[in-house]
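Novice: Chains as they are written, first to last, in my numbering: chain A, 9 to 117; chain B, 9 to 117. Virtual Cβ for every residue (Gly too), placed ideally from N, Cα, C.
Number of protein chains: 2
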Amino acid sequence: MEIKSRLWIEKEGKPFIGFGRINLLKQVDETASISAAAKALKMSYKKAWNLLNEIETLAEQPVLVKNIGGKNGGGTQVTDYGKSLILQFETLNQNCINFLEEEYKKLEL
Amino acid sequence: MEIKSRLWIEKEGKPFIGFGRINLLKQVDETASISAAAKALKMSYKKAWNLLNEIETLAEQPVLVKNIGGKNGGGTQVTDYGKSLILQFETLNQNCINFLEEEYKKLEL
DNA sequence: ATTCGTTATGTTTGGTAAGATATAACGCTC
DNA sequence: GAGCGTTATATCTTACCAAACATAACGAAT
Chain A
9 MEIKSRLWIE
19 KEGKPFIGFG
29 RINLLKQVDE
39 TASISAAAKA
49 LKMSYKKAWN
59 LLNEIETLAE
69 QPVLVKNIGG
79 KNGGGTQVTD
89 YGKSLILQFE
99 TLNQNCINFL
109 EEEYKKLEL
Chain B
9 MEIKSRLWIE
19 KEGKPFIGFG
29 RINLLKQVDE
39 TASISAAAKA
49 LKMSYKKAWN
59 LLNEIETLAE
69 QPVLVKNIGG
79 KNGGGTQVTD
89 YGKSLILQFE
99 TLNQNCINFL
109 EEEYKKLEL
């Protein structure tokens, strides 16, 4: 028996960042490519692009720097702001997990 | 911009109780009827029954007392144990919300 | 100019989950 | 015994979301 949680942050009622999106951002950061990140996470490029696009349209600062064409066809870099989103969400998530683990011990189920 | 969360408790890798199921349990407790609870939550009787059945099969103590036939066709009561599940989950959930609200203030997004 | 791998975007297809429908058993009431 | 409203359960249909497919633009390299 174990406790599970999912958290996310909304903006204008729409999902801004959550587990899946942060994971995707991390992959983009590692691979410097949306398509490579999508492949690594076994999702379609289109889905990955859509998710990233939603993040970008809701964010107040640029999250990605994209290059179309050119050497190796282009690529995508995650901005410092984007990286801070990753870091902040991950620590938040971990803090939540730790908190719930403690609370969970108090229960009698 | 706001933070959202969903938590649930699993047993043997399967969902035991969560937001939706606890809500359903509450309705059953209020209406003393699975079918009335389903109608109130605008879900099919079948779905409600399935959800409750999963809770019951995973729980170690009885959660519901059901009567088929008889006056008014029968009905369903939530046991004390079932009520304790509701109460414990709801306080856990509220504690988590309060915790996240505090953590959220620390972020810079 | 051609090739290449990427970003960008529309369209179509398909698999799954939700809903609708159907049927039976039960036991009190009348 | 007939009727009623409930629990219980199977099957069938539908609607929706996700995946697959298709196509174009781009720019460096050769």
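So with Cβ pairs under 7 Å, would you call B/I63 a contact of chain A?
Specialist: B/I63 does not count as touching chain A.
Novice: Can you check whether the CB of A/I63 is closer than 7 Å to the CB of A/R29?
Specialist: Yes, they are a contact pair.
Novice: So, do the segment 88-104 of chain A and the segment 110-117 of chain B have three or more beta carbon pairs nearer to each other than 8 Å?
Specialist: The segment 88-104 of chain A, when compared against the segment 110-117 of chain B, does touch it at the 8 Å Cβ threshold.
Novice: Between B/Q96 and chain A, is the shortest Cβ-Cβ distance under 7 Å, so that the two count as touching?
Specialist: With 7 Å as the cut-off, B/Q96 counts as an interface residue toward chain A.
Novice: Does the beta carbon of B/W57 sit closer than 7 Å to a beta carbon anywhere in chain A?
Specialist: No, B/W57 lies away from the interface with chain A (no Cβ there is under 7 Å from its Cβ).
Novice: For the beta strand (DSSP E) containing B/E10, name the first residue and the last one.
Specialist: That run of the beta strand (DSSP E) goes E10 to K19.
Novice: Does the Cβ of B/G90 have 16 or more other Cβ atoms within 10 Å, making it buried, or fewer, making it exposed?
Specialist: Flag for B/G90 reads buried.
Novice: Please tell me whether A/E10 has its Cβ less than 7 Å away from any Cβ of chain B.
Specialist: Closer than 7 Å to some Cβ of chain B, the Cβ of A/E10 qualifies, so yes.
Novice: For the segment 67-87 of chain A against the segment 36-49 of chain A, do three or more pairs of beta-carbon atoms, one drawn from each stretch, fall closer than 8 Å, so that the two count as touching?
Specialist: Output reads yes: the segment 36-49 of chain A touches the segment 67-87 of chain A.
Novice: Rounding to the nearest angstrom, what Cα-Cα distance links B/N31 and B/Q102 in this structure?
Specialist: B/N31 and B/Q102: Cα-Cα distance of roughly 14 Å.
Novice: For B/K34, which of B/K54, B/A46 and B/T65 has the nearest alpha-carbon?
Specialist: With distances taken between Cα atoms, B/K34 lies closest to B/A46.
Novice: According to the Cβ coordinates, are A/L66 and A/F24 closer than 7 Å?
Specialist: Taking 7 Å as the Cβ cut-off, A/L66 and A/F24 qualify as a contacting pair.
Novice: In the DSSP output, what is A/Q85 paired with across the bridge?
Specialist: In the DSSP output, where bridge partners are listed per residue, A/Q85 has A/V73.
Novice: Does any CB atom of chain B fall closer than 7 Å to the CB of A/I17?
Specialist: Yes, because at least one Cβ of chain B sits closer than 7 Å to the Cβ of A/I17.
Novice: Would B/R29 count as contacting chain A if we go by Cβ distances under 7 Å?
Specialist: Closer than 7 Å: no.
Novice: Using a Cβ-Cβ distance cut-off of 7 Å, determine whether A/E109 contacts chain B.
Specialist: Taking Cβ atoms only, chain B never reaches closer than 7 Å to A/E109, which makes this a no.
Novice: Which of the three DSSP states, helix, strand or coil, is assigned to B/K50?
Specialist: Reduced to three states, the DSSP call for B/K50 is coil.
Novice: Consult DSSP for A/G28 and reduce its assignment to one of helix, strand or coil.
Specialist: It is helical.
Novice: Against chain B, does A/L72 count as a neighbour if the rule is that its beta carbon must be under 7 Å from one of theirs?
Specialist: With 7 Å as the cut-off, A/L72 does not count as an interface residue toward chain B.
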